[in-house]
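Residue numbers (our numbering): 6 to 336.
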Amino acid sequence: MIKRYLFFILLLGFTISYAQQVIPLYDGKVPNSKVIAGLTDTTAVFPSGNKKIHFILRVASPDLTVFLPEKSKATGIAVIICPGGGYTGLAIDHEGYDIAKKLNEKGIAGFVLKYRLPNAQYVENKQIVPLQDAQRAIQLIRENAEKWGINPDKIGIQGNSAGGHLASTLGTHYQKALIDNPRNTSLRPDFMVLNYPVISMVDSLTHMGSRYNLIGEGLSPVALKAIMSDWKTSEQKLIKLSVDGEKIKEYSNELQVTSDTPPTFITHAVDDNVVKVQNSLLFIAALQKNKVAVESFFYAKGGHGFAIDNPTTDVEWIDNCMTWILKINKD
Numbered sequence: 006m007i008k009r010y011l012f013f014i015l016l017l018g019f020t021i022s023y024a025q026q027v028i029p030l031y032d033g034k035v036p037n038s039k040v041i042a043g044l045t046d047t048t049a050v051f052p053s054g055n056k057k058i059h060f061i062l063r064v065a066s067p068d069l070t071v072f073l074p075e076k077s078k079a080t081g082i083a084v085i086i087c088p089g090g091g092y093t094g095l096a097i098d099h100e101g102y103d104i105a106k107k108l109n110e111k112g113i114a115g116f117v118l119k120y121r122l123p124n125a126q127y128v129e130n131k132q133i134v135p136l137q138d139a140q141r142a143i144q145l146i147r148e149n150a151e152k153w154g155i156n157p158d159k160i161g162i163q164g165n166s167a168g169g170h171l172a173s174t175l176g177t178h179y180q181k182a183l184i185d186n187p188r189n190t191s192l193r194p195d196f197m198v199l200n201y202p203v204i205s206m207v208d209s210l211t212h213m214g215s216r217y218n219l220i221g222e223g224l225s226p227v228a229l230k231a232i233m234s235d236w237k238t239s240e241q242k243l244i245k246l247s248v249d250g251e252k253i254k255e256y257s258n259e260l261q262v263t264s265d266t267p268p269t270f271i272t273h274a275v276d277d278n279v280v281k282v283q284n285s286l287l288f289i290a291a292l293q294k295n296k297v298a299v300e301s302f303f304y305a306k307g308g309h310g311f312a313i314d315n316p317t318t319d320v321e322w323i324d325n326c327m328t329w330i331l332k333i334n335k336d
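Below you can see the structure in the form of structure tokens.
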């Protein structure tokens, strides 16, 4: 009986040590969220080859899931992780939690950001809502860095696909605070990691679904959902819809790079037929023009959405990326 009791205590301790903390982004009212009684997150599971992808389709309450490394390994470096999903949803497992767990292996803390989607049914001023959440995430982590054993000057952001657009938007639009910031906490990430990112909003380069979800206007949320329900035809339909030219320019992040843009690591597969590899190439060119440090890792094959597991090769970009993160954050 005593042995069983001790085993239960040990098992409980093991479970608690690997439990992840989930913290809400905001105290009280969430800015630009409509007040809708009973609104909750909605999720779905989609098949993808031999795997199933857990997809969050609606975010009612934005939050951060905290993945801290073992104290003996901790480097004081942290990365905010933005899952992709075309600004329609969040591929929260393989583009979120899996990346955080991998970073932990090298002593890097991971904070998976469950950011709100730019859906006019649930939010006001939809184009700024994801960026508000990203700004709040870096503010929250920086202001509580000591609690998590993090160096406030070693906080980066990582993003995949449309999450890469959000990450690069934070890295190029941090000067203007879209949230309350009474302490004037820096909203600039110290580095960026972009995985097959949407960068540009221009017709010839962008992912139309991501663009229209973020800055498109005119379609009702119901009509937009109907178009987006068939991803094979949605791009051709969305390109025919007009989008404000100034917004296209503002959210084409290759046009927003300055000499103060954070150093960047970029990964893309050349055969990506969802988000064109030219998105990454243009961003690299803009960084180089402004003398910002950039390192890239390109696959010949791999398509889109592979996260940290490109099935075409045994070489994984994230190993090189973690080496790069440790190198640029070396004291």
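For every residue, glycine included, the Cβ atom is placed at its ideal position computed from N, Cα and C. From a predicted model like this one, the values you see are computed outputs, not experimental measurements.
Would you call residue i buried or exposed, if buried means 16 or more other Cβ atoms sit within 10 Å of its Cβ?
i, result
"Q45", "Position check: residue 45 holds Thr in this sequence, whereas Gln was assumed. Label assigned to T45: exposed."
"S257", "buried"
"A24", "At A24 the pLDDT is 45, less than 50, meaning the model places this residue with poor confidence and gives no usable figure here."
"P226", "exposed"
"L27", "First, the residue type needs correcting, since residue 27 is Val and not Leu in the sequence shown. Under this definition V27 is an exposed residue."
"R9", "Note that R9 has pLDDT 41, beneath the 50 cutoff, so the model's placement of it is unreliable and no number is given."
"K107", "buried"
"W236", "exposed"
"I143", "buried"
"S205", "buried"
"D265", "exposed"
"S239", "buried"
"P187", "exposed"
"V68", "The sequence shown places Asp at residue 68, rather than the Val named in the question. Classification for D68: buried."
"D103", "buried"
"K181", "exposed"
"K159", "buried"
Starting from the C-beta of residue i, find all residues in its chain whose C-beta is less than 7 Å away, skip the five residues before and the five after it, and write them out in chain order.
i, result
"K242", "I232"
"S215", "G91, Y92, A167, H170, V203"
"L183", "I133, L136, Q137, Q140"
"I155", "G81, A83, A114, I146"
"P157", "R147, A150"
"P36", "Q137, I184"
"Q126", "P226"
"H99", "I58, A312"
"K332", "none"
"T190", "Q144, R147, E148"
"K296", "S264"
"P267", "G176, R193, P194, D195, F196, M197"
Going by Cα to Cα distance, which pick from the options is closest to residue i?
i, options, result
"S343", "V35, G94, V71", "Nothing about residue 343 can be read from this structure; the chain reaches only from 6 to 336."
"N200", "I289, K296, N55, G223", "I289"
"V275", "K152, I253, D249, G310", "G310"
"V117", "A150, L286, F72, D249", "F72"
"M213", "L246, I184, S173", "L246"
"N354", "H59, R147, E100, K39", "With the chain running from 6 to 336 in the structure shown, residue 354 is simply not present."
"R193", "G176, V207, V64, D277", "G176"
"N165", "A105, K237, T266", "A105"
"V64", "K57, K56, L30", "L30"
"G101", "F60, A125, K230", "F60"
"A96", "D68, L62, T70", "L62"
"V128", "I41, A298, K230, A228", "I41"
"K252", "A228, E222, V262", "E222"
"K34", "N55, K230, S66, K159", "S66"
"D249", "D208, P267, V297", "D208"
Roughly how far, in whole angstroms, is the beta-carbon of residue i from the beta-carbon of residue j, given that I think they are within contact range, below 8 Å?
i, j, result
"I82", "N334", "5 Å"
"L287", "E259", "4 Å"
"N278", "F302", "About 19 Å; that fails the 8 Å criterion."
"L210", "K281", "6 Å"
By Cβ distance below 6 Å, which residues in the same chain neighbour residue i in space, the five residues on each side in sequence not counted?
i, result
"E300", "F270, W329"
"M327", "K111"
"Y217", "L243"
"I162", "I85, A172, L175, P194, M197"
"T272", "N200, F302, W322"
"L219", "Y92, P123, Q132"
"T70", "Q25, V27, V117"
"Y179", "L192, R193"
"A291", "E259, V262"
"G43", "none"
Cutting at 8 Å between CB atoms, please list the residues of its own chain near residue i, excluding the five before and the five after it.
i, result
"L11", "For L11, the predicted structure reports a pLDDT of 38, less than 50, and the residue's modelled location is therefore unreliable. A value from the coordinates is still provided. Same-chain partners within the cutoff: there are none."
"L229", "Y217, N218, G221"
"Q293", "V299"
Is there a C-beta anywhere in chain D that falls below 9 Å from the one on residue i?
i, result
"I232", "The structure shown contains no chain D; it is built from a single protein chain."
Mind the definition here: the region 107-123 touches the region 131-149 only if three or more C-beta pairs lie below 8 Å; say whether that holds.
The region 131-149 and the region 107-123 touch, with three or more beta-carbon pairs separated by less than 8 Å.
Evaluate contact between the region 294-307 and the region 317-329, counting only Cβ atoms and requiring at least three cross-stretch pairs below 8 Å.
Output reads yes: the region 317-329 touches the region 294-307.
Are at least three pairs of beta-carbons, each pair with one atom in the region 76-91 and one in the region 35-49, less than 8 Å apart?
Below 8 Å, too few C-beta pairs join the region 76-91 and the region 35-49 to call them touching: fewer than three.
Could you check whether the region 108-115 touches the region 67-81, counting it as contact only if at least three pairs of C-beta atoms, one from each stretch, sit closer than 8 Å?
The answer is yes - the region 67-81 touches the region 108-115, with three or more Cβ pairs under 8 Å.
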